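For reference, the structure is listed below as structure tokens.
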Amino acid sequence: MKTEIHFTLNGESIEHEVEVNKTLLKMIREDFDLTGAKEGCGAGECGACTVIMDGRAVNACLVLAVEAEGCDLLTIEGLSGDQNELDPLQSAFIENAALQCGYCTPGMIMTAKALLNENPHPTETEIKAGISGNLCRCTGYKKIIEAIQSVADQNKA
Amino acid sequence: MMKPFEYFRPTSLKEALALLNTYGEEATLLNGGTDLIVRMREGHSSPKAVIDIKHIEMLRKIKVTDSEITIGACVLLNDVGSHPVIRERVPFLAQAALSVGSKQVRNRATCIGNICNASPLADTATPLLALDAEVEIYGEAGVKRIPLKDFFVFVRKTVLKQNEIVTSISFNTNKDAKGIFEKMSRRKEVDLSTVCGTVFRGKDGYRVSMGAVAPTPIRLYKTEAYLDAHDLTEDVIQSACEVAVNEVSPISDIRASKAYRQELVHLILKHALSEWL
Chain B
2 MKTEIHFTLN GESIEHEVEV NKTLLKMIRE DFDLTGAKEG CGAGECGACT VIMDGRAVNA
62 CLVLAVEAEG CDLLTIEGLS GDQNELDPLQ SAFIENAALQ CGYCTPGMIM TAKALLNENP
122 HPTETEIKAG ISGNLCRCTG YKKIIEAIQS VADQNKA
Chain R
16 MMKPFEYFRP TSLKEALALL NTYGEEATLL NGGTDLIVRM REGHSSPKAV IDIKHIEMLR
76 KIKVTDSEIT IGACVLLNDV GSHPVIRERV PFLAQAALSV GSKQVRNRAT CIGNICNASP
136 LADTATPLLA LDAEVEIYGE AGVKRIPLKD FFVFVRKTVL KQNEIVTSIS FNTNKDAKGI
196 FEKMSRRKEV DLSTVCGTVF RGKDGYRVSM GAVAPTPIRL YKTEAYLDAH DLTEDVIQSA
256 CEVAVNEVSP ISDIRASKAY RQELVHLILK HALSEWL
């Protein structure tokens, strides 16, 4: 059974027919080929599926696609600007080597993006708490925290 | 993959109730969905009708008066935790709200959802029990309020009938009252409570509540009575902790043994009372 929904995806107005029993994550990946958001645990523990919905970071695996009606969605693919220039967070992750396998990276960056939008100058403790819903099994988090901190410092400058 | 279902987005309580009446046991309410969607994917829940109540405007508000706070059914845990009046008057509730899951989960999950799930370790349950909160329920007969302590029945069971909807939770606030919430878990963030508890002192005396020590979050009435009858000293704290440990009935499970949980009850109560010596 399908239903029609309307929402904004990375700045573009969308009208879309979607199965009601599909999660937001599946819709983004399968219907729109936006495969940055990943399914890790499928239960809201790992954060690999994090997208920004009406300004808030959410686990796209815990949202039904139909719940996106009227919402403004931002995925990692929508972070770079029109000229394809990288978001400062994306650049910072590269410069700080804040990734290894890369599976957690889109979710981690979207969580960090929402965190910095809400709190442009987080302390290290606030960064740690802020990304606690995103698991990374490679880096040990140190470089991720440094990358986010470096963008927070740019905000200060 | 979730089994197919019909999805409804009512904009009034009346409309939502009509849907509950039409679909009976095969209907489920969808609020934040952070538990329900996992249960549906795992096949523990296979509703024919999913009724999304988030578009009922009146359920999305926090109402504040001089002496009462009312949290609507669809208010997010992060919005409870960041609300300036809640942080000022009942900071221990804000702290409990922010101790549930991750930031992303709290951006979807609601305080009322945390209560209606009726988990023995629901983090917002102990501050709300200690505040003598009342649950407002809408049904065929109109609106009624029942004390939260009478709302929980057993693990994942409440008194809520199939065709009733929790619309809000309310509690009185008093600036002379103090409360302390503590959550003991294996790691600091994104974990379930091994034991959680709230210790509250108001003008009528003490209220102590604990989670993950019985089939539902509970008040520790004997401990409260003991504390009400004594002036606080180190010896009284020690005795009160012994009363509390005997008043709870935790089980051993993957998170902790029964004895360890009893020790945590002791510690939570001791930590809080020591602040007020």
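Residue numbers (our numbering), protein chains in the order written: chain B, 2 to 158; chain R, 16 to 292. C-beta: ideal position from N, C-alpha, C; glycine also. Being a predicted model, the structure only gives us computed values, none of them experimental.
Go ahead and pull the three-state DSSP assignment for residue i.
i              : result
residue 175(R) : coil
residue 165(R) : helix
residue 36(B)  : coil
residue 65(R)  : strand
residue 110(B) : helix
residue 241(R) : helix
residue 118(B) : helix
residue 104(B) : coil
residue 293(R) : Nothing about residue 293(R) can be reported from this structure: the residues present for chain R run from 16 to 292 only.
residue 280(R) : helix
residue 141(R) : helix
residue 17(R)  : coil
residue 254(R) : helix
For residue i, which residues from the same chain have a beta carbon less than 7 Å from its beta carbon, with the 5 sequence-adjacent residues on both sides left out?
i              : result
residue 239(R) : 220, 221, 222, 223
residue 10(B)  : 33, 74
residue 67(B)  : 4, 6, 19, 21
residue 279(R) : 199, 209, 210
Between which two residues does the alpha helix (DSSP H) containing residue i stretch?
i              : result
residue 126(R) : 126–131
residue 131(B) : 125–131
residue 113(R) : Residue 113(R) -> no alpha helix (DSSP H), and no H or E assigned at all.
residue 55(R)  : 51–56
residue 197(R) : Run containing residue 197(R): none in the alpha helix (DSSP H); it sits in the beta strand (DSSP E), 193–199.
Please work out which residues of its chain come closer than 8 Å, Cβ to Cβ, to residue i, disregarding the five sequence neighbours upstream and downstream, and give them in chain order.
i              : result
residue 242(R) : 220, 221, 223, 251, 255, 288
residue 93(R)  : 112, 113, 118, 121, 122
residue 292(R) : 247, 248, 249, 252
Taking 8 Å as the CB-CB limit, is residue i close to chain B?
i              : result
residue 217(R) : no
residue 38(R)  : no
residue 104(R) : no
residue 20(R)  : yes
residue 72(R)  : no
residue 160(R) : no
residue 123(R) : yes
residue 119(R) : yes
residue 295(R) : Since the first and last residues shown for chain R are 16 and 292, residue 295(R) lies out of range.
For chain R, check one thing: does any of its Cβ atoms lie closer than 8 Å to the Cβ of residue i?
i              : result
residue 2(B)   : yes
residue 44(B)  : yes
residue 138(B) : no
residue 57(B)  : yes
residue 67(B)  : yes
residue 14(B)  : no
residue 22(B)  : yes
residue 130(B) : yes
residue 118(B) : no
For the ligand GTP, I want to know if residue i counts as a neighbour, meaning its beta carbon is within less than 7 Å of at least one of the ligand's heavy atoms.
i             : result
residue 78(R) : The ligand GTP is not part of this structure, which contains no ligands at all.
So the beta strand (DSSP E) residue i belongs to, where does it begin and stop?
i              : result
residue 151(R) : 149–154
residue 149(B) : Premise fails: residue 149(B) lies in the alpha helix (DSSP H), 143–157, not in any beta strand (DSSP E).
residue 181(R) : 180–187
residue 22(R)  : 21–23
residue 211(R) : 210–217
residue 44(R)  : 42–45
residue 26(R)  : Segment: none, residue 26(R) is in no beta strand (DSSP E) and carries neither H nor E.
In its own chain, which residues sit with a C-beta less than 6 Å from the C-beta of residue i, not counting the 5 before and 5 after it?
i              : result
residue 134(B) : 48
residue 30(B)  : 36
residue 23(R)  : 34, 66
**Prompt:** At which residue ranges does the region 68–97 of chain B contain complete beta strand (DSSP E) runs of 3 or more residues, listed in the order of the chain?
**Reply:** List check, beta strand (DSSP E) in window: 73–75.
**4-residue-minimum alpha helix (DSSP H) runs that sit fully inside the region 73–97 of chain R, ordered along the chain** = As far as the region 73–97 of chain R is concerned, its whole alpha helix (DSSP H) runs of at least 4 residues are 92–97.
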